[in-house]
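Shown next, in structure tokens, is the structure this report addresses.
Protein chains: 4
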Amino acid sequence: MPKVGMQPVRRQQLIDATIESVAEFGLQATTINRISKKAGLSSGIISHYFAGKQGLIEATVRYLLSNLKKVLIEGLTPTTTPEQRLMLIIEANFSRLQQQSETTKTWLSFWSQSMHDYELHRLQIVNSRRLFSNLACSFKQLMSDDDAKLAAQLCAAMIDGLWLRAVLSKSDENEFEHCECLAKSYVNSLIKQYGA
Amino acid sequence: MPKVGMQPVRRQQLIDATIESVAEFGLQATTINRISKKAGLSSGIISHYFAGKQGLIEATVRYLLSNLKKVLIEGLTPTTTPEQRLMLIIEANFSRLQQQSETTKTWLSFWSQSMHDYELHRLQIVNSRRLFSNLACSFKQLMSDDDAKLAAQLCAAMIDGLWLRAVLSKSDENEFEHCECLAKSYVNSLIKQYGA
Amino acid sequence: MPKVGMQPVRRQQLIDATIESVAEFGLQATTINRISKKAGLSSGIISHYFAGKQGLIEATVRYLLSNLKKVLIEGLTPTTTPEQRLMLIIEANFSRLQQQSETTKTWLSFWSQSMHDYELHRLQIVNSRRLFSNLACSFKQLMSDDDAKLAAQLCAAMIDGLWLRAVLSKSDENEFEHCECLAKSYVNSLIKQYGA
Amino acid sequence: MPKVGMQPVRRQQLIDATIESVAEFGLQATTINRISKKAGLSSGIISHYFAGKQGLIEATVRYLLSNLKKVLIEGLTPTTTPEQRLMLIIEANFSRLQQQSETTKTWLSFWSQSMHDYELHRLQIVNSRRLFSNLACSFKQLMSDDDAKLAAQLCAAMIDGLWLRAVLSKSDENEFEHCECLAKSYVNSLIKQYGA
DNA sequence: TATGAATGAGCCTTCATTCAT
DNA sequence: TATGAATGAAGGCTCATTCAT
């Protein structure tokens, strides 16, 4: 049913279908046929809107990144303390699951592929740097700059590590909640250790 | 020229070529043609020795796992203290790079694929449990059982997280050494925090 | 904004765009998207005015043929001698380049395709016969009927051959002028040879 | 039925099938499926032996060119006079039909495509130059160098023109024989005109 | 009159697997 | 034991056509 102004709708349909497919089958087994079938559209439409599979993959990663950013920003209020902000960052990174349970698996697929794909690698670096700078920014209000940088590094690693284990263990939501808890208490121990 | 007793030689040739190819091109772009060319053998030989590509992939993961175990065991002496053992575990996990610089990238490819591949997932769980139990075993000699379990969990996550960041940043060896250092000091802080 | 009387304008826009595209990319790589983009119109318009790509191709060939005829007719005056008329025919066949430098390449594409396309073949035959009859008509005023037929046949072949070599050599305009010159002197030698 | 040393056999099978298909359907409609079906082989074999469709097309043109050369060389004897050699050249160019009746149509398809394909254009230039130099070489033994060059140019054009008309008219063998005759008598008239 | 969203068949290519030698 | 010729399914992409607006 050809209509005007369908572009944003179709793009989102296809991005959602891509996330689902990558979560279900992996990036390798995600074909444009599977994606278009999931989206209830024809295969040709992907090239029409994204100039090929690669374009759709990249758009999907960008969407996930922007989503992560949005979750974080929406949580901020004028009265957020540095401690609250740190907790918010952790929640944003772990709550990806709650919003859309497929998303988590999808991230790892993209990260893995980023080692052999220039554009994905660039996006992954952006994500990595943003997490670090968000953490460091908050820690700096609680400790010296050098300590804050170290704490941010360790905290980022701990978040990734816990998140990775949660993903790979294919565990239920409880495991994610447990990991989120561990991450939060690690932040507190960092503040206690280095905090003035 | 048919020879006898070539089996172990050929198998190792092919496993080495697989590690190289996955590191260079990723799991997705690793074809049996590339592997066999790298190994200087024909493509047919893979089915001959591993009953297909999947068998070779699994054998490669098993080889990497056994290698990790071996590095750990070789480092142990009758007089190794729990602290030394913990440092050894960390070194084993980070020194994968030094042994064979391609190996690191390869791990992530396999982990990512393990979400959609039963056998790889099983192997990944084995690896994950072994790291946890190795860590917990050592921590238990330094603190209460419950604390040791928690410390092992946190430590395993920190190792994975630091290692993941080092891999994804495509950085040089220095980054790996730096991460190894951070992991070691984290172990020490855990011992200080929970240690009797 | 629907307008009336746009039909001839749009048709010519599309035919011009087709000539350009076939010259630039070849008939094989000429898609309706390329044509419509060159014409600054939508792709749907082609089916609207020509009932499909094939219709546009045929209309383009007919346009080129009619153009060739027009050039010839326009050159004729009541006092044109047979010799002048022969020169005019040659000029018409070679001057296609001057009018529109893309046209030449386009002809060969269509001729080649005419071997596998009934309608194009029909049009090509018409063109071929017309050249022959134009030449024969003029030669007959200068020699016996039989000699005139032979001269027309040879002359037509010479024109095509020279023109083909000029096209395929991708040469500049000088080559075309040189070939036109050779063709004219061949006509003169035919008149000298067979002329009463 | 896998065997060793099949390469030359398979390559020729595929080249023959390509000639047939291009003659029957045109270059545009010649797909690797059609070719492989004609050859009684699978579609994958084309990439195996020619690294893709383009490689097969180019190999086919090279084969046709080398064939043309061979026909010419085989006709030469130590006692061949310049006049005989000129006749031989014409026969070689027109007898392509007799050897393999599809070949003629195929040539025009390739020539047409050569305007938009670097490698095909290169091969076409080689062919064109060879015909000219063969003709010029023979004419030089019968007239001055400058006249010989001009004669060769005119003769080459006449051969192409007559051949083109024969092809495009889709005529039977008689037409080809008639054209061959006209070409030969044109050579004689050139010799008479310029010959010492 | 004119658009461009949407389709889906068909293209070339890749690749794991098989198997005669 | 080892080869590599051969297969054919499946992949991504192109493109003429259709049609609601």
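Order-wise, the sequence lines are chains X, R, P and E. Here the numbering used here = 1-based position in the first sequence + 496. Here the numbering used here = 1-based position in the second sequence + 496. Here the numbering used here = 1-based position in the third sequence + 496. Here the numbering used here = 1-based position in the fourth sequence + 496. From the three backbone atoms N, C-alpha and C, an ideal C-beta is built for every residue, glycine too.
Checklist entry - Which of helix, strand or coil does DSSP assign to X:Lys-666? => result Working through the first sequence from its first residue, we reach residue 666 of chain X at position 170. Correct three-state label for X:Lys-666: coil.
Checklist entry - Can you tell which of E:Arg-558, E:Thr-527 and E:Pro-504 has its C-alpha closest to the C-alpha of E:Asn-623? => result As a position in the fourth sequence, residue 623 of chain E is number 127, starting the count at 1. Considering only alpha carbons, the answer is E:Arg-558.
Checklist entry - Any idea if X:Ile-569 is buried or exposed, counting beta-carbon neighbours within 10 angstroms, 16 or more meaning buried? => result Counting from one through the first sequence, the residue named residue 569 of chain X turns up at place 73. It is exposed - the Cβ of X:Ile-569 has fewer than 16 other Cβ atoms within 10 Å.
Checklist entry - Among R:Ser-634, R:Phe-606, R:Arg-626 and R:Ser-629, which has the Cα closest to the Cα of X:Gly-522? => result The residue given as residue 522 of chain X occupies position 26 in the first sequence. Nearest C-alpha to X:Gly-522: R:Phe-606.
Item to check | alpha helix (DSSP H) segment containing X:His-617, residue limits | outcome: Against the first sequence, residue 617 of chain X aligns to sequence position 121. Where X:His-617 is concerned, the enclosing alpha helix (DSSP H) stretches over 614-635.
Next on the checklist: At the 8 Å Cβ level, is R:Tyr-690 part of the contact set with chain X, yes or no?
Outcome noted: Position 194 of the second sequence, counting from 1, holds the residue named residue 690 of chain R. No, because no Cβ of chain X sits closer than 8 Å to the Cβ of R:Tyr-690.
Next on the checklist: I'd like the span of the alpha helix (DSSP H) that includes P:Gln-609, first residue to last.
Outcome noted: Counted from its first residue, the third sequence places residue 609 of chain P at position 113. Residues 599-610.
Item to check | Under 8 Å by beta carbon: chain X residues contacting R:Tyr-682 | outcome: The sequence position of residue 682 of chain R within the second sequence is 186, counting from 1. In chain order: Leu-650.
Next on the checklist: For a contact defined as C-beta to C-beta under 8 Å, what are the partners of R:Lys-636 on chain X?
Outcome noted: Within the second sequence, numbered from 1, the residue matching residue 636 of chain R stands at position 140. Within chain X, no residue comes near R:Lys-636; the closest Cβ sits about 19 Å away, beyond 8 Å.
Checklist entry - In this structure, does DSSP put E:Leu-523 in helix, strand or coil? => result In the fourth sequence, the residue the question calls residue 523 of chain E occupies position 27. E:Leu-523 falls in the coil class under three-state DSSP.
Checklist entry - Excluding the five sequence neighbours on either side, which residues of its own chain have a C-beta within less than 6 Å of the C-beta of X:Gly-531, listed in chain order? => result Indexing the first sequence from 1 puts residue 531 of chain X at position 35. Note that residue 531 of chain X is Ile in the sequence shown here, rather than Gly. For X:Ile-531, where only same-chain residues beyond five positions count, the Cβ hits under 6 Å are Ala-513, Thr-514 and Ser-517.
Checklist entry - Nearest to R:Phe-590 by CA position, among R:Leu-627, R:Lys-645, R:His-544 and R:Glu-520, is which residue? => result Your numbering for residue 590 of chain R matches position 94 in the second sequence. Of R:Leu-627, R:Lys-645, R:His-544 and R:Glu-520, the residue nearest in Cα terms is R:Leu-627.
Checklist entry - Comparing the C-beta of X:Met-583 with each C-beta of chain R, is any distance below 8 Å? => result Here residue 583 of chain X refers to the residue found at position 87 of the first sequence. Not closer than 8 Å to any Cβ of chain R, the Cβ of X:Met-583 fails to qualify, so no.
Item to check | Span of the alpha helix (DSSP H), counted from its first residue to its last, around X:Val-557 | outcome: Residue numbering aside, residue 557 of chain X sits at position 61 when the first sequence is read from its first letter. X:Val-557 -> alpha helix (DSSP H) spans 549-571.
Checklist entry - Which term fits P:Gly-675, buried or exposed, when burial requires 16 or more other beta carbons within 10 angstroms of its beta carbon? => result Taking the first residue of the third sequence as position 1, residue 675 of chain P is located at position 179. Just to set this straight, residue 675 of chain P is Cys in the shown sequence, not Gly. Under this definition P:Cys-675 is a buried residue.
Checklist entry - When the cut-off is 8 Å and only beta carbons count, does R:Arg-661 lie next to chain X? => result Within the second sequence, numbered from 1, the residue matching residue 661 of chain R stands at position 165. Chain X, which has a Cβ nearer than 8 Å to the Cβ of R:Arg-661, makes this yes.
Next on the checklist: Assuming E:Leu-664 and P:Ser-610 are in contact, meaning their beta carbons sit under 8 Å apart, how far apart are those beta carbons, in whole angstroms?
Outcome noted: For the purposes of this step, residue 664 of chain E is taken as residue 168 along the fourth sequence, with counting starting at 1. For the purposes of this step, residue 610 of chain P is taken as residue 114 along the third sequence, with counting starting at 1. That pair is a contact at about 7 Å.
Item to check | Cβ shell of X:Leu-604 (< 7 Å), same chain only, five flanking positions each side left out | outcome: Taking the first residue of the first sequence as 1, we reach residue 604 of chain X at position 108. Val-663, listed in sequence order.
Checklist entry - Which whole-angstrom value describes the C-beta separation of P:Arg-625 and E:Asp-656, a residue pair presumed to lie in contact below a C-beta threshold of 8 Å? => result Residue numbering aside, residue 625 of chain P sits at position 129 when the third sequence is read from its first letter. Residue numbering aside, residue 656 of chain E sits at position 160 when the fourth sequence is read from its first letter. With 8 Å as the limit, P:Arg-625 and E:Asp-656 do not qualify as a contact, their Cβ atoms being about 20 Å apart.
Checklist entry - Starting from P:Met-639 and walking both ways along the alpha helix (DSSP H), at which residues does that stretch end? => result Counting from one through the third sequence, the residue named residue 639 of chain P turns up at place 143. First-last for P:Met-639: undefined, no H or E at that position.
Next on the checklist: For a quick check, are the C-beta atoms of P:Asn-529 and P:Ser-539 less than 8 Å apart?
Outcome noted: Stepping through the third sequence from its first residue, residue 529 of chain P is reached at position 33. Stepping through the third sequence from its first residue, residue 539 of chain P is reached at position 43. Yes, Cβ-Cβ distance for P:Asn-529 and P:Ser-539 is below 8 Å.
Checklist entry - Relative to the C-alpha of E:Leu-537, which residue among E:Asp-613, E:Leu-510 and E:Gly-551 is closest? => result Looking up residue 537 of chain E in the fourth sequence gives position 41. Answer by Cα proximity: E:Leu-510.
Checklist entry - Distance, Cα to Cα, X:Gln-649 vs R:Tyr-682? => result Position 153 of the first sequence, counted from the start, is the residue given in the question as residue 649 of chain X. Position 186 of the second sequence, counted from the start, is the residue given in the question as residue 682 of chain R. So the alpha carbons of these two residues sit roughly 12 Å apart.
Next on the checklist: My output table needs one value for E:Ser-574: the three-state DSSP class, helix, strand or coil.
Outcome noted: Numbered from its first residue, the fourth sequence carries residue 574 of chain E at position 78. The question names Ser, but residue 574 of chain E is Pro in the sequence shown. Coil.
Next on the checklist: Let me confirm a value: R:Leu-582 is counted as buried when at least 16 other C-beta atoms fall within 10 Å, else exposed. Which label applies?
Outcome noted: Here residue 582 of chain R refers to the residue found at position 86 when the second sequence is read from its first residue. So R:Leu-582 ends up on the buried side.
Checklist entry - Measuring CB to CB, does X:Gly-571 end up less than 8 Å from X:Leu-638? => result The count along the first sequence starts at 1 and reaches residue 571 of chain X at position 75. The count along the first sequence starts at 1 and reaches residue 638 of chain X at position 142. Not in contact: X:Gly-571 and X:Leu-638 (Cβ atoms no closer than 8 Å).
Checklist entry - Where does the unbroken alpha helix (DSSP H) through X:Gly-540 begin, and where does it stop? => result The residue labelled residue 540 of chain X in the question sits at position 44 within the first sequence. Note, X:Gly-540: alpha helix (DSSP H), 540-546.
Item to check | Min CB distance R:Leu-604 to chain X below 8 Å | outcome: Stepping through the second sequence from its first residue, residue 604 of chain R is reached at position 108. Closer than 8 Å to some Cβ of chain X, the Cβ of R:Leu-604 qualifies, so yes.
Item to check | Neighbourhood of X:Thr-576 by C-beta, 8 Å cutoff - its chain only, sequence neighbours within 5 removed | outcome: As a first step, residue 576 of chain X must be located in the first sequence, where it is residue number 80. For X:Thr-576, where only same-chain residues beyond five positions count, the Cβ hits under 8 Å are Leu-584.
Item to check | Residue-level contact to chain E via CB, P:Ser-539, 8 Å cutoff | outcome: Residue 539 of chain P sits at position 43 when you count from the first residue of the third sequence. No - not a single Cβ of chain E is within 8 Å of the one on P:Ser-539.
Checklist entry - Would you say P:Met-502 faces chain E, with C-beta separation under 8 Å as the test? => result Mapped onto the third sequence, residue 502 of chain P falls at position 6. No, P:Met-502 does not count as interfacial toward chain E.
Checklist entry - Between R:Pro-578 and the rest of its own chain, which residues show a CB-CB distance below 6 Å, the 5 nearest in sequence each way excluded? => result Locating residue 578 of chain R in the second sequence gives position 82, counting from the first residue. Within the same chain, R:Pro-578 has close Cβ partners Ser-634, Gln-637 and Leu-638.
Next on the checklist: Is X:Ser-624 close to chain R? Criterion is C-beta to C-beta, closer than 8 Å.
Outcome noted: Numbered from its first residue, the first sequence carries residue 624 of chain X at position 128. It does: the Cβ of X:Ser-624 has a partner Cβ on chain R nearer than 8 Å.
Checklist entry - Do you know offhand how far R:Met-654's Cα is from R:Leu-616's? => result Looking up residue 654 of chain R in the second sequence gives position 158. Looking up residue 616 of chain R in the second sequence gives position 120. The alpha-carbon atoms of R:Met-654 and R:Leu-616 are separated by roughly 23 Å.
Next on the checklist: Considering only the alpha carbon of each residue, which of X:Phe-672, X:Leu-631, X:Ser-608 and X:Glu-671 lies closest to R:Ala-525?
Outcome noted: In the second sequence, the residue the question calls residue 525 of chain R occupies position 29. When only C-alpha atoms are compared, the closest one is X:Ser-608.
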